[in-house]
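Chains as they are written, first to last, in full-length UniProt numbering: chain H, 1 to 212; chain Y, 1 to 212; chain G, 1 to 212.
Here it is in structure tokens:
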């Protein structure tokens, strides 16, 4: 179980690093900028989660493996053949970015939910779900704010609801099945919701406002 | 006393939720974006305050009532009749946004100052005032950064000075009157300063800079 | 030793306050905005560092001297004669901003590295270097995000590498020389790398991307 948790967090770190590096590529940052944004996106959610749970210093700071993976993935994304491949069409680029971000989100939500559960008193389900959701979306918000994009969470594919659904599924599976199922099903739910939302262009009607 | 504190924090949460939801409406975000920004604005200052004071996890995460109120207020702001009413004139909209933000600021400053006082060693008045000010302005900064506005604190109506004045008034009332007076007078001072500054268009001369 | 640490942190605080105030001047903020941005830039890195190390409330909140210096420096930068002198040429302005930012970065990296070392178990060199780097760059990222600039760290003069090099030099000096040398040499390395990078316009090739 503990190994699955570590593995999923590592996978989520890599996925968020891809999304950060791709965002940096789109902004034409230099290679160091690509690595820095990949790394910040990859570790941001976990750092926020640990700070909120009172775990200091955040574990990522003593985890050379995760950091190395995030850096390696970001460097790889910058390499000309990979970069060219990623960039060969805007539509494909957006789909890959969505995929990387969704995988990262799904995994960080369930890992965050489980760690919140382990660090809070028994029965605080509201707090567990809320913390899991927040720590899942943290890295993505940080990534977008740093390059001055409007964060995904405000505009894309029912982002916050997908994260919340994943946390709730984790809790239900934890109560009625087991934690392995909770991790796998919870993250799958997040990814499936986001892919469906993107594929069928689910969107909510924006408020109508007069011209400014 | 403790009840007054809880009540004022709840009222401040609702006021900041209104300001966040209105900011989201102005940006034509979808309803989920309106709720997310309302919620982040409402809880942001309190989370920052608790992290700075070493209270983990921040209390808001175990406070379904505050979160529900912030969500309900944000949903209400999005409802077409309310939204239309809010938007019927730009000038009115700006005044309502200013009012919501000022009420939230005033209440969060005094609540933050009191909590800083309760969590710090006796006599640390500088730290109490500084923490109260910072935790008051935190939610508003987060709101504006997330939608890429220049934060109020850099441009509006002597924002930071009003917050600091509220914290100082809280301390003076605490020393020479009582804590109920401190909460009520401190928050009133913040709101009055901001309303006067807005009404009389008090402003400080920007630095003159050559064209870039 | 302890005195040198305090002195260097104070000097770094002043330097970052200058960089924040100058950034605010360039944006034509009013004097209160200049002071607020100077102060946030000056204290931001230290607050982030203390939160990551679990030191709450962050020490700056009980340090009227540092805060007064940051405020005084920011006020001074706004004074018409100083402001006019700073602004008399764009090239000079950029050089002074770079200098202030580099001095602040160098000093905060070594101070952050040393404090991380003192607050972590013996031998956690990876964590010490990582925390030192992060806490060095924190204030500058905050400054740029708040006024909606793309942070220096993504675009300027191998910013992150210079900070990392300073942290590594601190560790090497600590192991083979002494802590005074570590503080002085580490910060010097950061500044020299950044001045050389700026002078010789070292830059890394941005990724080539198709038009959007």
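Virtual Cβ for every residue (Gly too), placed ideally from N, Cα, C.
Keep in mind it's a predicted model, so treat the numbers as computed, not measured.
Please list the partners that residue i has in chain H, where partner means a Cβ-to-Cβ separation under 8 Å.
i, result
"residue 153(G)", "33 and 36"
Taking the straight line between their C-alpha atoms, what separation do you get for residue i and residue j?
i, j, result
"residue 63(G)", "residue 127(Y)", "8 Å"
"residue 38(H)", "residue 46(H)", "14 Å"
"residue 169(Y)", "residue 30(G)", "25 Å"
"residue 34(G)", "residue 76(G)", "10 Å"
"residue 100(Y)", "residue 135(H)", "28 Å"
"residue 200(Y)", "residue 93(Y)", "18 Å"
"residue 52(G)", "residue 97(G)", "28 Å"
"residue 137(H)", "residue 72(H)", "23 Å"
"residue 177(G)", "residue 129(Y)", "42 Å"
"residue 49(Y)", "residue 114(Y)", "11 Å"
"residue 164(G)", "residue 133(G)", "5 Å"
"residue 202(Y)", "residue 194(Y)", "9 Å"
"residue 116(Y)", "residue 182(Y)", "14 Å"
"residue 95(Y)", "residue 147(Y)", "19 Å"
"residue 25(G)", "residue 1(Y)", "44 Å"
"residue 89(H)", "residue 43(H)", "28 Å"
"residue 12(H)", "residue 86(G)", "47 Å"
"residue 118(G)", "residue 8(H)", "32 Å"
"residue 141(Y)", "residue 69(Y)", "21 Å"
"residue 22(G)", "residue 172(H)", "53 Å"
"residue 174(G)", "residue 204(Y)", "48 Å"
"residue 3(G)", "residue 166(H)", "51 Å"
"residue 191(G)", "residue 112(G)", "16 Å"
"residue 139(H)", "residue 109(G)", "24 Å"
"residue 143(G)", "residue 81(Y)", "40 Å"
"residue 83(H)", "residue 162(Y)", "50 Å"
"residue 131(Y)", "residue 32(G)", "18 Å"
"residue 54(Y)", "residue 158(Y)", "29 Å"
"residue 120(G)", "residue 160(Y)", "36 Å"
"residue 79(Y)", "residue 27(Y)", "16 Å"
"residue 91(Y)", "residue 5(H)", "52 Å"
"residue 40(G)", "residue 180(H)", "44 Å"
"residue 56(Y)", "residue 155(G)", "35 Å"
"residue 59(H)", "residue 58(Y)", "19 Å"
What residues from chain G crowd round residue i, counting only those whose CB sits closer than 9 Å?
i, result
"residue 203(Y)", "30"
What are the start and end residues of the alpha helix (DSSP H) that includes residue i?
i, result
"residue 136(G)", "125-146"
"residue 94(H)", "90-119"
"residue 69(G)", "64-78"
"residue 54(G)", "Residue 54(G) -> no alpha helix (DSSP H), and no H or E assigned at all."
"residue 187(Y)", "179-199"
"residue 19(G)", "2-26"
"residue 159(H)", "159-176"
Output, in chain order, the set of chain G residues within a Cβ distance shorter than 8 Å of residue i.
i, result
"residue 147(H)", "150 and 154"
What does residue i touch in chain H if you count any residue whose Cβ is under 9 Å from its own?
i, result
"residue 67(Y)", "126 and 130"
"residue 120(G)", "57, 61 and 62"
Who are the neighbours of residue i on chain H, taking C-beta pairs under 7 Å?
i, result
"residue 158(G)", "32"
Identify the contact partners of residue i in chain Y, using a Cβ-Cβ distance below 8 Å as the criterion.
i, result
"residue 52(H)", "47, 51, 56, 57, 58 and 61"
Starting from residue i, find everything on chain G with Cβ-Cβ shorter than 7 Å and list it in chain order.
i, result
"residue 64(H)", "126"
"residue 161(Y)", "32"
Are there three or more Cβ pairs, one per stretch, closer than 8 Å when the region 143-152 of chain Y is compared with the region 178-192 of chain Y? For the pair of segments examined, the region 143-152 of chain Y was found not to touch the region 178-192 of chain Y: the number of CB pairs separated by less than 8 Å stays below three.
Just checking, does the region 192-199 of chain H make contact with the region 118-126 of chain H on the three C-beta pairs under 8 Å criterion? no
At least 3 beta-carbon pairs within less than 8 Å: the region 9-20 of chain G vs the region 100-109 of chain G: Counting Cβ pairs under 8 Å, three or more are found: they touch.
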